[in-house]
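Trainee: The structure is given below, and queries will be raised subsequently.
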Amino acid sequence: EDQVTQSPEALRLQEGESSSLNCSYTVSGLRGLFWYRQDPGKGPEFLFTLYSAGEEKEKERLKATLTKKESFLHITAPKPEDSATYLCAVQGAGNMLTFGGGTRLMVKP
Amino acid sequence: DTAVSQTPKYLVTQMGNDKSIKCEQNLGHDTMYWYKQDSKKFLKIMFSYNNKELIINETVPNRFSPKSPDKAHLNLHINSLELGDSAVYFCASSARRRAGELFFGEGSRLTVL
Chain A
4 EDQVTQSPEA
14 LRLQEGESSS
24 LNCSYTVSGL
34 RGLFWYRQDP
44 GKGPEFLFTL
54 YSAGEEKEKE
64 RLKATLTKKE
74 SFLHITAPKP
84 EDSATYLCAV
94 QGAGNMLTFG
104 GGTRLMVKP
Chain B
302 DTAVSQTPKY
312 LVTQMGNDKS
322 IKCEQNLGHD
332 TMYWYKQDSK
342 KFLKIMFSYN
352 NKELIINETV
362 PNRFSPKSPD
372 KAHLNLHINS
382 LELGDSAVYF
392 CASSARRRAG
402 ELFFGEGSRL
412 TVL
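If you read the protein sequences in the order shown, they are chains A and B.
Anchor point for the first sequence: position 12 equals 15 in my numbering, and the numbering is continuous, going up by one each time.
Anchor point for the second sequence: position 54 equals 355 in my numbering, and the numbering is continuous, going up by one each time.
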């Protein structure tokens with residue numbers, strides 16, 4: 004059974020204070036690892052796809068990286084508008100996505 | 302124009318009732334999904350459906366049934382509602398070759414009293 008564990012559950016940062024979110028996974032036949040952002044009362048919004056170890060993707064202040072066991076979402080100089088819950092998901096041989104519990108990020112001005 | 306829209310946004314109902322949630326996507330995607338997000342925020346797949354195949358998560362009770370009148374719509378019917386069905390239900394869609402890149406609706410919060 005595919006499993007995804009995200010840590011920390013919650014992270015409070017000051018504006019400009021860089022940090023990383025972790026996503027550890029076990030999956031049979033990784034087809035892709037995905038990061039989503041979810042704002043309160045909204046559906047998740049797709050951010051990145053990573054397919055193989057060593058791959059990196061960037062978007063504004065966010066950079067996602069992938070190893071054989073985990074993925075990191077690095078947030079550089081965050082702003083209050085980056086506050087959200089960040090979800091990680093893996094797609095294995097079964098083709099369905101398995102989501103982690105998310106990291107709730109709060110960035111204070 | 303909303304890409305994936307679902308209605309209603311809120312449902313409050315009594316145990317034992319039957320309810321439906323509607324979903325429509327205007328992205329031209331060929332696969333649609335229903336997900337359940339519980340109080341701990343875990344998102345779990347319930348159904349995956351395209352015009353050829355329905356894939357059901359085996360843990361989903363058969364009181365839940367998806368119905369697709371056409372490629373752009375996937376409705377969720379729930380019979381004999383139970384307290385544990387209270388959750389936020391999300392509809393999503395994807396292109397066939399990008400099955401992990403989901404476009405979600407805003408969710409329907411179901412409360413069973």
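The C-beta atom is built at its ideal place from N, Cα and C for all residues, glycine as well.
Note that the structure is predicted; figures quoted are calculated from it, not measured.
(1) Since residue 21 of chain A contacts residue 96 of chain A with CB under 8 angstroms, what's their CB separation in whole angstroms?
(2) What are the boundary residues of the beta strand (DSSP E) that residue 107 of chain A is part of?
(3) Is the beta carbon of residue 358 of chain B less than 9 angstroms from the beta carbon of residue 345 of chain B?
(4) Since residue 46 of chain A and residue 401 of chain B are thought to touch, with beta carbons under 8 angstroms apart, how far apart are those beta carbons, to the nearest angstrom?
(5) Does any residue of chain B bring its CB to less than 9 angstroms from the CB of residue 92 of chain A?
(6) Residue 371 of chain B by DSSP, collapsed to three states: which one?
(7) Have a look at residue 390 of chain B and residue 65 of chain A and give me their C-alpha separation to the nearest angstrom.
(8) For residue 310 of chain B, collect the residues of the same chain with a Cβ closer than 8 angstroms to its Cβ; drop the 5 residues on either side in sequence, then sort them by chain order.
(9) Considering only the beta carbon of each residue, do residue 102 of chain A and residue 7 of chain A sit closer than 9 angstroms?
(10) Please confirm whether residue 324 of chain B and residue 306 of chain B have their CB atoms less than 9 angstroms apart.
(11) Looking only at its chain, what residues have a beta carbon closer than 7 angstroms to the beta carbon of residue 80 of chain A, apart from the 5 residues adjacent to it on each side?
(12) Who are the near neighbours of residue 313 of chain B in its chain, counting only those whose CB is closer than 6 angstroms to its CB and skipping five residues on each side?
(13) Considering residue 410 of chain B, what are the terminal residues of the beta strand (DSSP E) in which it resides?
(14) Over the uninterrupted beta strand (DSSP E) stretch that includes residue 325 of chain B, give me the two end residues.
(15) By Cβ distance, which residues of its chain are closer than 6 angstroms to residue 62 of chain A, with the 5 residues on each side in sequence left out?
(16) Can you tell me which of the three DSSP states residue 33 of chain A falls into?
(17) Could you name the residues of the region 324-349 of chain B whose beta carbon sits closer than 7 angstroms to any beta carbon of chain A, in the order they occur along the chain?
Mentor: So, to answer that:
(1) Translated into the one-based positions of the first sequence, residue 21 of chain A becomes position 18. Translated into the one-based positions of the first sequence, residue 96 of chain A becomes position 93. Residue 21 of chain A to residue 96 of chain A, Cβ: 35 angstroms. No contact.
(2) Position 104 of the first sequence, counted from the start, is the residue given in the question as residue 107 of chain A. Residues 106-111.
(3) As a first step, residue 358 of chain B must be located in the second sequence, where it is residue number 57. As a first step, residue 345 of chain B must be located in the second sequence, where it is residue number 44. In contact: residue 358 of chain B and residue 345 of chain B (Cβ atoms closer than 9 angstroms).
(4) Position 43 of the first sequence, counted from the start, is the residue given in the question as residue 46 of chain A. Position 100 of the second sequence, counted from the start, is the residue given in the question as residue 401 of chain B. The pair is not a contact, with the Cβ atoms about 15 angstroms apart (cut-off 8 angstroms).
(5) If you number the first sequence from 1, residue 92 of chain A lands on position 89. Interface residue, yes.
(6) As a working mapping, residue 371 of chain B is identified with position 70 in the second sequence. Of the three classes helix, strand and coil, the one that applies to residue 371 of chain B here is strand, per DSSP.
(7) Reading the second sequence from its first residue, position 89 is the one you call residue 390 of chain B. Reading the first sequence from its first residue, position 62 is the one you call residue 65 of chain A. Distance between the alpha carbons of residue 390 of chain B and residue 65 of chain A: 28 angstroms.
(8) As a working mapping, residue 310 of chain B is identified with position 9 in the second sequence. The residues are 407, 408, 409 and 410.
(9) As a working mapping, residue 102 of chain A is identified with position 99 in the first sequence. As a working mapping, residue 7 of chain A is identified with position 4 in the first sequence. Yes, they are a contact pair.
(10) For this step, residue 324 of chain B is matched to residue 23 along the second sequence. For this step, residue 306 of chain B is matched to residue 5 along the second sequence. Going by C-beta atoms, residue 324 of chain B is nearer than 9 angstroms to residue 306 of chain B.
(11) Here residue 80 of chain A corresponds to residue number 77 of the first sequence, with the count starting at 1. So the list reads 19, 21 and 64, once near-sequence residues are dropped.
(12) As a first step, residue 313 of chain B must be located in the second sequence, where it is residue number 12. 412.
(13) Within the second sequence, residue 410 of chain B is the residue found at index 109, counting from 1. Its beta strand (DSSP E) spans residues 409-413.
(14) Residue mapping note: residue 325 of chain B aligns to position 24 of the second sequence, counting from 1. Segment 320-326, the beta strand (DSSP E) holding residue 325 of chain B.
(15) In the first sequence, the residue the question calls residue 62 of chain A occupies position 59. So the list is empty, once near-sequence residues are dropped.
(16) Against the first sequence, residue 33 of chain A aligns to sequence position 30. If DSSP states are grouped into helix, strand and coil, residue 33 of chain A belongs with coil.
(17) 341, 342, 343, 344, 346 and 349
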